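Inspection log for the structure reproduced underneath, given as structure tokens.
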Amino acid sequence: MSYLLALDAGTGSIRAVVFNLQGRQMAVGQAEWKHLSVDNVPGSMEFDLGTNWQLACQCIRQALAAAHLSAADIQSVACCSMREGIVLYDRNGEAIWACANVDARASREVAELKEIHDDRFESEVYGVSGQTLALSAMPRLLWLAHHRPDIYRKAATITMISDWLAAKLSGELAVDPSNAGTTGMLDLFSRDWRPALLDMAGLRADILSPVKETGSVLGAVTDAAAAQSGLRAGTPVVMGGGDVQLGCLGLGVVRAGQTAVLGGTFWQQVVNLPEVRTDPEMNIRVNPHVIPGMAQAESISFFTGLTMRWFRDAFCAEEKLIAGRLGVDAYSLLEEMASRVPAGSHGVMPIFSDAMHFKQWYHA
């Protein structure tokens, strides 16, 4: 039989998931990861390229073993990831720098960019891309130009983290619209880069990689990647995308007016728009769907998943021990306990972040 394998690089963990051709989940390999704070760089959250690739390979081998499959059973592989996280490569295609979506070092650069074009630049970016500056790639690139010009000058290509995983497997560099759309540099309407935005910001526009739609074949697993990951050399690598948009595809949220709530480190509520458009008041984020010609309005609840991890580690030592003895995940045990709490939680309402004031953001 043939199976499919997906790699999902979330903010807080990496997963390899095996599916059969009917879409049924067969096995998972998962590992938590953490991002790196750089000394004397407030808000920095760099993505650990070396360690995280090793974790990805570990998860692939775990998933294959759990499903009792060989590498030859995998028909194709695709990758998705957190949005906004970016990876830079040198002219040889080697990754030289990466940051996670929660990297907040560039708030000063956000403020600087907001002021250009008579304070109109952010609204111009939003009108084209559906994004404000706070989570976009441009402030981070400007920070590198200011503080790490060695990296900025050496950079030849930019991709998202999902594309980095695909490149590690296939050796091919490209981006898809759903994830690259969160850079604030991709045209929401044409689903292609808008180099003029980088020109307006005084940034290099020669680092933009090819754009390929989700589902198109990027390449094949290389011999080197096969040796590291346990996959079979020559296995097709298919373009993935942003985790939320691919989650919507998996849920069947593919038609105008449909909505979904997706939970991870962040929780998003998305609505498929009847047409590609942005909000004149710039109050809501708009992203490309993986469905060509479709866009999604999106609201965000911050750090919901990380708050759950914090609660587990801070207050649930006994439950973690019980879960270990039972051979189940601690979250499963906590969810079962939470199911016995009545609706309304006896009036307790924990608040860990403010409401989403999209156009007022200065950092992630």
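Per UniProt numbering, the very first residue in the sequence shown carries number 1; after that it's consecutive.
C-beta atoms are modelled at their ideal positions from N, C-alpha and C, and glycine is treated no differently.
The model shown is predicted, which means the values in this text are computed figures rather than measured ones.
Proximity winner among the options, relative to residue i (alpha-carbon distances)
{"i": "residue 163", "options": "35, 118, 155, 212", "result": "212"}
{"i": "residue 107", "options": "91, 128, 88, 133", "result": "133"}
{"i": "residue 13", "options": "48, 148, 115, 287", "result": "48"}
{"i": "residue 259", "options": "299, 231, 237", "result": "299"}
{"i": "residue 7", "options": "129, 74, 128", "result": "74"}
{"i": "residue 52", "options": "35, 67, 42, 39", "result": "35"}
{"i": "residue 16", "options": "23, 40, 295, 55", "result": "55"}
{"i": "residue 367", "options": "191, 190, 88, 5", "result": "The structure shown does not extend to residue 367, since the chain is modelled only from 1 through 364, so no value can be given for it."}
{"i": "residue 192", "options": "272, 128, 346", "result": "128"}
Pairwise C-alpha distance: residue j and residue i
{"i": "residue 65", "j": "residue 227", "result": "16 Å"}
{"i": "residue 257", "j": "residue 146", "result": "43 Å"}
{"i": "residue 208", "j": "residue 124", "result": "20 Å"}
{"i": "residue 2", "j": "residue 21", "result": "7 Å"}
{"i": "residue 196", "j": "residue 82", "result": "26 Å"}
{"i": "residue 92", "j": "residue 199", "result": "25 Å"}
{"i": "residue 78", "j": "residue 346", "result": "44 Å"}
{"i": "residue 59", "j": "residue 175", "result": "23 Å"}
Other residues of its chain near residue i: CB distance less than 6 Å, five sequence neighbours each side excluded
{"i": "residue 62", "result": "29"}
{"i": "residue 37", "result": "44"}
{"i": "residue 171", "result": "222"}
Beta bridge counterpart(s) of residue i as assigned by DSSP
{"i": "residue 131", "result": "None; residue 131 has no bridge partner."}
{"i": "residue 220", "result": "236"}
{"i": "residue 22", "result": "None, per the DSSP bridge assignment."}
{"i": "residue 15", "result": "8, 30"}
{"i": "residue 242", "result": "81"}
Other residues of its chain near residue i: CB distance less than 8 Å, five sequence neighbours each side excluded
{"i": "residue 312", "result": "319, 320, 330, 331, 334"}
{"i": "residue 113", "result": "121, 122, 133, 138, 139, 142, 201"}
Unbroken alpha helix (DSSP H) run spanning residue i, endpoints
{"i": "residue 60", "result": "49-66"}
{"i": "residue 336", "result": "330-338"}
{"i": "residue 298", "result": "Element bounds for residue 298: not the alpha helix (DSSP H) but the beta strand (DSSP E), 295-301."}
{"i": "residue 288", "result": "Run containing residue 288: none in the alpha helix (DSSP H); it sits in the beta strand (DSSP E), 285-288."}
{"i": "residue 207", "result": "Run containing residue 207: none; DSSP gives neither H nor E here."}
Extent of the continuous beta strand (DSSP E) to which residue i belongs
{"i": "residue 7", "result": "3-9"}
{"i": "residue 159", "result": "157-160"}
{"i": "residue 259", "result": "259-263"}
Close-in-space but distant-in-sequence residues of the same chain around residue i (CB under 7 Å, 5 per side omitted)
{"i": "residue 99", "result": "45, 46, 47, 85, 86, 140"}
{"i": "residue 236", "result": "76, 217, 220"}
{"i": "residue 41", "result": "105"}
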